[in-house]
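For what it's worth, the UniProt record's numbering labels the leading residue of the sequence shown as 4, then goes sequentially.
Heads up, the beta-carbon is just placed ideally off N, CA and C, and yes, glycines get one too.
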Amino acid sequence: ANRHVGEIRTPSTALGGVTVRVPAKVNLQLAVGPLREDGYHDLVNVFHAVSLFDEVTATEPADPGAGPITVKVLGESADEVPLGEDNLAVRAAKALAAAAGRTYRADLLIRKTIPVAGGMAGGSADAAGALVACNELWGLGLPREDLMEIAADLGSDVPFALLGGTAIGTGRGERLTPLETSGTFHWVFALAEGGLSTPRVYGECDRLRAAAEAGVPEPAASEPLLAALRTGDAEALGRALANDLQPAALSLRPDLARTLDAGRALGALGAIVSGSGPTCAFLARSGEHAAELATRLADSGVCRSAVTAVGPVEGAALVP
Ligand code: ATP
4 ANRHVGEIRT
14 PSTALGGVTV
24 RVPAKVNLQL
34 AVGPLREDGY
44 HDLVNVFHAV
54 SLFDEVTATE
64 PADPGAGPIT
74 VKVLGESADE
84 VPLGEDNLAV
94 RAAKALAAAA
104 GRTYRADLLI
114 RKTIPVAGGM
124 AGGSADAAGA
134 LVACNELWGL
144 GLPREDLMEI
154 AADLGSDVPF
164 ALLGGTAIGT
174 GRGERLTPLE
184 TSGTFHWVFA
194 LAEGGLSTPR
204 VYGECDRLRA
214 AAEAGVPEPA
224 ASEPLLAALR
234 TGDAEALGRA
244 LANDLQPAAL
254 SLRPDLARTL
264 DAGRALGALG
274 AIVSGSGPTC
284 AFLARSGEHA
294 AELATRLADS
304 GVCRSAVTAV
314 GPVEGAALVP
């Protein structure tokens, strides 16, 4: 239910290309510490990869006269994705070529399913996908550790898109440790009209906190959340979901409160804004419950559309 249907697909192998599938993420816990002198915040970030995938295909360039790295985007809100140097997949391919020490060429095709500017790290997913696809296309054979280092320079969410599963990030998000989890969790994502800019949401978070004049504690991992993940206890996980950016996202998009309330009223075990929003994430009791929740959320008019997904899933992986 979470894939676009009716799209005509040319097998990438027939074109001599390499296709990589990369998951979206939801933050199960996003604890934002006080604003630091350097303008950043210390974070504790529990990332969870879910089965909403973008696909990145890298092929030998069709037009030798074009730039070294070209990009085309199809699918979910494709027209909102920049096509030049600002595209994170293009930046990733260039960073990989630079790390390998010479000029390489590739045409990138991104099939988007992850909502753009939706708080699910779609751009970071595409960057991770481009790293894995170009590493293969160019026959570089760089190990995952090297790709992780290049990924970390591209953005704080890119290493997790490579890693997948469930992981905890600390510091500015640069230290990433995989977490043991049990079982599969069933999710519904309510996609919203339009996007939210991540820097703007952090700015609003700082503004709300300054206005409240209350101290902001150092971020710490939630023990109940980690225990729920270890034991696969969906009810406990639902109760423990926490996002410090949620008040800021709701302040910028007050309509999202209705979306969250609707999911809670339909029996979601937990309801949170995903990352910086505006996508809302709901934890369901089962696959059936998720399907029902998605249908009823979409029908109730509190979101643009609703999709189901499971987590955790693996990170960026070659499609055979
Ligand atoms: P995060 O959760 O990491 O804050 P997000 O999911 O809210 O990110 P993205 O979809 O990653 O947001 O994109 C944020 C912005 O990055 C977009 O508005 C777009 O202009 C730009 N961008 C650059 N490259 C891409 C890409 N390949 N896909 C989507 N957006 C991209």
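- Secondary structure note for S127: its alpha helix (DSSP H) is the uninterrupted segment G125 to L140.
- C283 carries a strand assignment under DSSP once its states are collapsed to helix, strand and coil.
- Our two residues, D110 and R175, have alpha carbons roughly 32 Å apart in a direct line.
- For N48, the CB stays at least 7 Å from every heavy atom of the ligand ATP.
- With respect to I72, V93 sits close: the two C-beta atoms are nearer than 8 Å.
- Counting only residues of its own chain and dropping the five nearest sequence neighbours on each side, T262 has a CB closer than 7 Å to the CB of A193, C283, V305 and C306.
- In this structure, the straight-line span from the alpha carbon of I113 to that of T22 is close to 9 Å.
- Looking at the DSSP output, H51 shares a beta bridge with V29 and T169.
- With a threshold of 7 Å, the Cβ atom of E83 counts as near the ligand ATP, since some heavy atom of the ligand is closer than that.
- Nearest neighbour of A214 by Cα position, chosen from L157, A231 and A251, turns out to be A251.
- The beta-carbon distance between L228 and L33, rounded to whole angstroms, is 11 Å. This is too long to meet the 8 Å contact definition.
- It is roughly 15 Å from the alpha-carbon of A65 to the alpha-carbon of W141.
- Within the chosen limit of 7 Å, the ligand ATP reaches the beta carbon of L91 through at least one heavy atom.
- Remark: C-beta atoms of T106 and F56 do not approach each other more closely than 8 Å.
- Looking at S308, G121 and R108, the one whose alpha-carbon comes closest to that of S200 is G121.
- For E58, the three-state secondary structure derived from DSSP is strand.
- Between the ligand ATP and T201, a heavy atom-to-CB distance of less than 7 Å is present.
- Across the structure, E183 and G318 are spaced so that their CA atoms are roughly 15 Å apart.
- Annotation for L259: the continuous alpha helix (DSSP H) segment containing it runs L259 to A268.
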